[in-house]
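Q:
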Amino acid sequence: MTRKYLNCRSICYRYYLELISLLLFFGLAPHHTYAQEASGWQWSKPNAPCMGKCAVSVYGGRFVKTGMSDIATTGLPAWNWDYNNDYFVGATISRSLLSFKNILDFEPELGVGQRFGVQHETEFWAALYVRYSAFPWNDYLMTSIAVSTGVNYATGVSDIEQKRGGQGGGSRLLHFLSPEITFALPSAPDKQLFFRFHHRSGAYGIISDTKGGSQYATGGFRYKF
């Protein structure tokens, strides 16, 4: 039974990594023919001038003890979450490479962040964000929501992550799932405020048999250029 379980977990992990690779491929590879044939799709070459498609961000926040799944299923507001005295600051660079009718954008992101307070590890991540921005009130307050998939590497496994990791005991390499919402004035669309739930975990045990990891409720500033 144990051997079958481990074999199943290895297969799931392999398919998970293949899925991440495909998502990153579609965000990074030059699909010229596809962009030309599929009406509404627009591809931006990685080496082309940014023209407002590139962005740098800085953000920070506090560790959230409440589980992400509990927050998502119960709709628990942020002021009712459980926090501890652990903090995080991070910076990212990103670019929109594929868009659909100014409704959806596919944005690869690279980031680095530092924990402090209780944990002291450094995090590095590479992810693909899918962003939706077609809200009816954008003439008054430009809004977008986005969700990511990717990988996050920490320089160590803290005591907190060992406890939250379950039987797997935590892992340096985990899944990066960090939804966010952004706001900007129509008169200054290149300057955005955003709120991100910075989250890394084992994706329900798929990665290294690890469950929970570290997560932070954060806010930050993004500049597009």
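Numbering of the sequence shown is given in numbering that gives the first Met the number 0, commencing with residue 0 and proceeding in unit increments. Glycine is no exception: its CB is placed at the ideal position from the N, C-alpha and C atoms. Small disclaimer: the values here were computed from a predicted structure and weren't measured.
Measure the alpha-carbon distance for P178 versus S200 and round it to whole angstroms.
A: Each residue's Cα considered, the two are about 14 Å apart.
Q: For Y128, is the classification buried or exposed, using 16 other Cβ atoms within 10 angstroms of its Cβ as the cut-off for buried?
A: It is buried - the Cβ of Y128 has at least 16 other Cβ atoms within 10 Å.
Q: In the DSSP assignment, what are the bridge partners of F196?
A: DSSP lists A216 as partners of F196.
Q: Determine the burial state of P107: buried for a count of at least 16 other Cβ atoms within 10 Å of its Cβ, exposed for fewer.
A: Flag for P107 reads buried.
Q: Kindly indicate the opening and closing residues of the alpha helix (DSSP H) around A71.
A: Run containing A71: 67–73, per the alpha helix (DSSP H) assignment.
Q: Less than 8 Å between the CB atoms is what I'm expecting for G155 and R130, so what's the real figure, rounded?
A: Not a contact, Cβ separation roughly 32 Å.
Q: At 3 residues or longer, what runs of the beta strand (DSSP E) sit wholly inside the stretch 137–185?
A: The stretch 137–185 contains these whole beta strand (DSSP E) runs: 141–153, 172–175, 179–183.
Q: By how many angstroms is the C-alpha of P48 removed from the C-alpha of W80?
A: Approximately 42 Å between the Cα atoms of the pair.
Q: Taking R163 as the reference, which of G51, Q214, V111, P45 has the closest Cα?
A: Among G51, Q214, V111, P45, the Cα nearest to that of R163 belongs to Q214.
Q: Answer with buried or exposed for K223, where buried requires no fewer than 16 other C-beta atoms within 10 angstroms of its C-beta.
A: Answer is buried; the Cβ neighbour count reaches 16.
Q: Go ahead and label G218 buried or exposed: buried means 16 or more other beta carbons lie within 10 angstroms of its beta carbon, across all protein chains shown.
A: With fewer than 16 Cβ atoms within 10 Å of its Cβ, G218 is classed as exposed.
Q: So, under 8 Å CB-CB, S95 and K52 are touching, yes? Tell me the CB distance rounded to an integer number of Å.
A: Yes, S95 and K52 are in contact; Cβ-Cβ is about 4 Å, under 8 Å.
Q: Can you list, in chain order, the residues of its chain whose CB lies under 6 Å from that of S110, leaving out five sequence neighbours each side?
A: Going by the sequence as given, residue 110 is Gly instead of Ser. Result list for G110: G89, T91, W124, in chain order.
Q: Could you pull out every residue in the same chain whose Cβ sits closer than 6 Å to the Cβ of S93, ignoring the five residues on either side in sequence?
A: Around S93: A54, E106, E108.
Q: Quick check on the DSSP output: the beta strand (DSSP E) that includes S56 runs from which residue to which?
A: Start and end: 53–63.
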